[in-house]
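In mature numbering (1 follows the signal peptide of the UniProt record, and there is no 0), the protein residues as written are -21 to -1, 1 to 992.
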């Protein structure tokens, strides 16, 4: 309460006392207490004063005194920060509406809150003040205080209204101008701000505060030289925070003046800004960009990269510019993989279209040079030409595009792109790509699909070399499809083309021709070409060995046993392929030259020398026959018995039993003969031996006069239909003729007819086998399967091995692993041909792996690898099974060793997998740069295998982050998430890694958005 107010109250009260006739003691006491309370209030003893004012108000009779006490009670409550203070003020105004202190109450409370810095409270009460009732001096104070309170709570519009009223005030003017200037500064009205600041800059009290703002104002007005001058003047006297901001102003001013060397130390000195609830100050993407660009302009590319690559997740013009110059910096340091990602990022932003186009061009060229893990190089190059058809680089890019179709090895994708192109050069590329895609399919044993690609390549005969090569490989496909006539034509056409001389395929053309003639049973021509191959090919020992074997076979079937023996001896000498077969064939050949004793000696030696040979049962059978011819029947019977004992599942067992029966029959030992014949007929039904056994037994029964016994016995054999024998023979022979004449469809129809009419016929076994083979030739393996199954479930025969191989192949292709395994186990133990043993073992390892029987899978893989003669594809499969099983069982040391072996021999997707693990293990060992090199090789050579490309990229991101390159890491992970959605496991891993990296980087970069902020 002002001094004048107190005097007025006393005068008024004195006047009242004078006119009253009598003054009570109580009233005198109240006034004394009132004066005492007022003294306490003025001495800021608000609680004691409030209590005494309450007592006075309680006893007071006069309304004026009550009103004064209520006013001071409420004022004390405000100063004591009591919860009901505002309500007491409101109650005072309501209870004493005529009080002269009504406006004063509002003004006093507002001033109190203002003086104590409680500006939101002050604003509330200043709004209640009636400005018109205020004296001129009070109005100036009201306008300034109210304006400053609004300024403090950032109600700039209100603040400006009141502060503008006192900007020319002698007392408040300079302060008002300062705050008006600051609000203009905050509102980006730099001219108005500068005008206000200039008016108060001469006053010492504002000089310190204004130095930063004026420097910043001149910077924002583009007056960089002046900004530098003002900021530098203040640097030495500023505190740490102000020095940081002034350094930023100086650095950015030099930056805008393109004085990059001068800018760098000041840009580096900037400490960044601190957000609410954050403990430390941070830079943002723009800060990193400016320092990085300054280094870039100074050609300090290492330091430029170190700043640019801290810009994570930028999506504006500054980020696009930064990523473009980051790419250029990497190029200067020959870091092309890093440059690829930077240019790709810049090319995907459209803030600056010129930068976008340049970035895309660089991205396309680097994709061609080093490969691209996101999409094939042809796609990138073609995409660039589609977007920029009028580019001055069109001819250069088109040249790269055509070449990339070949070098990328992504032939499948390349074909799709080429089908949209019509130029002559593209057709040249189409011819090559179709050829290479055909070879890929051929290597995957998809011969029909491969043949269609070779035909496509031949439809564009632009390059004679590739025309010749496509002709050759089409013939190869025909050969594997058993279309030997077509294969022969193809090989001859290839040989006749002059360009064939410059192809790798010409090296073995005689070998291919010889084999085709051999399959056609044109043995003279086969012999001729095997001899030509042998004469010209001395370095390929494996093929040379095989050529001698087939040459021997050609002479053998042509009854030229002397030359057959010579060829077999050469094969034994080379010994690149198991020598048991030529040794056996030589022994047989010796016999045909009439040297029976030498044949017997050779067979006896064979049986002892090759105890594990698949031909040992053949040798025993032949030895027994030789003993019979030499009239050494006892030895013959012993060998036949040994064969039946040691090889119970051999197809030679029924033959040996039949032979024994015939020996007994010829010696008139009829009962022993019948025993053998009945054994064959009962245990090997449907086989030719069974049929012959029944026939010979019939003769014995007739000789013994026991026809009724024969009739009873033969009724127990459901495959013998004696009365229909002639019809059976005729029906089968008709079907067989169509088969021999290569009339496939007619043969299928007639064999089916035979089996429908004679399901247990004499030739049921042969019919099932031939019809199965015909379906297989037509790539109708599902149709062939039931017929192979019949043979497999029947007695052992000469067809069993082939049927086991083909039926197991059917189950493997349909991924019926549990059905394939028993067949493969039988094939492994029963096969006579080594290639079928390898087939069985290699697929047993695959089937067990698919069923997660990892120990069995590894066991078979190791068994396969003991065979030194297997080709690289099977070696690769074995090593990959060992490696994958080791990964599944957590044995990473074993996996690493196995994948290293895979990498040496694998092709295609398996090679991509091995290369991925090469990178994986290097990452685990902390060899991050070396790991990235492996991923780059994976991207360049195997970009078609997207799963491993995606996994490789996640590895690359981890490597880059370990190498302190946050941009590369986050960009690659975001690209994986955006481009490989089909691989959920890879995307999930990428998301988790990205979350971790962003959380870490957000600690120093305020521009990075994380899940938390």
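For glycine and all other residues, C-beta sits at the position ideal for the given N, C-alpha and C.
Interface flag, residue i vs chain D, CB-CB below 8 Å
i	result
residue 490	No chain D is part of this structure, which consists of one protein chain only.
The alpha helix (DSSP H) enclosing residue i, as first and last residue numbers
i	result
residue 345	332 to 349
residue 866	851 to 867
residue 812	Taken as a continuous stretch (DSSP letters only), residue 812 belongs to no alpha helix (DSSP H), as it is neither H nor E.
residue 581	575 to 588
residue 279	Unbroken run through residue 279: none, as it is neither H nor E.
residue 734	723 to 736
residue 206	203 to 214
residue 928	925 to 941
Same chain, Cβ closer than 7 Å to residue i, neighbours up to 5 away in sequence not counted
i	result
residue 781	none
residue 976	940, 945, 948, 949
residue 90	124
residue 963	none
residue 511	489
residue 100	92
residue 863	828
residue 80	50
residue 723	753, 756, 757
Residue i (DSSP reduced to helix, strand or coil)
i	result
residue 500	coil
residue 238	coil
residue 253	coil
residue 271	helix
residue 113	coil
residue 618	helix
residue 515	helix
residue 125	helix
residue 627	coil
residue 604	helix
residue 378	helix
residue 1049	With the chain represented from -21 up to 992, any question about residue 1049 goes unanswered, as that position is not in the structure.
residue 523	helix
residue 557	coil
residue 541	helix
residue 788	helix
residue 448	helix
residue 393	helix
Nonlocal neighbours in the same chain, by C-beta distance under 6 Å from residue i, ignoring five residues either side
i	result
residue 451	473, 484
residue 56	64, 67
residue 540	568, 571, 572
residue -17	Note that residue -17 scores 46 on pLDDT, short of 50, meaning its location in the model is unreliable and no value can be drawn from it.
residue 796	826, 829, 830
residue 859	881, 889
residue 460	426
residue 702	Confidence at residue 702 is low in this model, with a pLDDT of 48, below 50, so the placement of that residue should be treated as unreliable; the coordinate-derived value is given next. Answer for residue 702: no residue qualifies.
Beta-ladder partner(s) of residue i, from DSSP
i	result
residue 757	According to DSSP, which records beta bridges pairwise, residue 757 is partnered with nothing at all.
residue 315	BP columns for residue 315 are empty, so no partner.
Contact test: residue i Cβ vs the ligand MG heavy atom, cutoff 7 Å
i	result
residue 315	The ligand MG is not among the ligands present in this structure, which contains no ligands whatsoever.
For residue i, the nearest candidate out of the options (CA to CA)
i	options	result
residue 116	144, 900, 607, 344	144
residue 677	640, 77, 29	640
residue 407	250, 420, 378	378
residue 636	764, 494, 242, 603	603
residue 279	312, 139, 247	312
residue 734	671, 727, 743	743
residue 719	532, 746, 198, 696	746
residue 534	601, 508, 576	508
residue 669	680, 687, 693, 648	693
residue 739	373, 790, 665	665
residue 935	295, 899, 920, 961	899
residue 495	477, 481, 524, 455	455
Spatial neighbours of residue i in its chain, beta-carbon cut-off 8 Å, leaving aside the 5 residues before and after
i	result
residue 304	271, 272, 275, 283, 287
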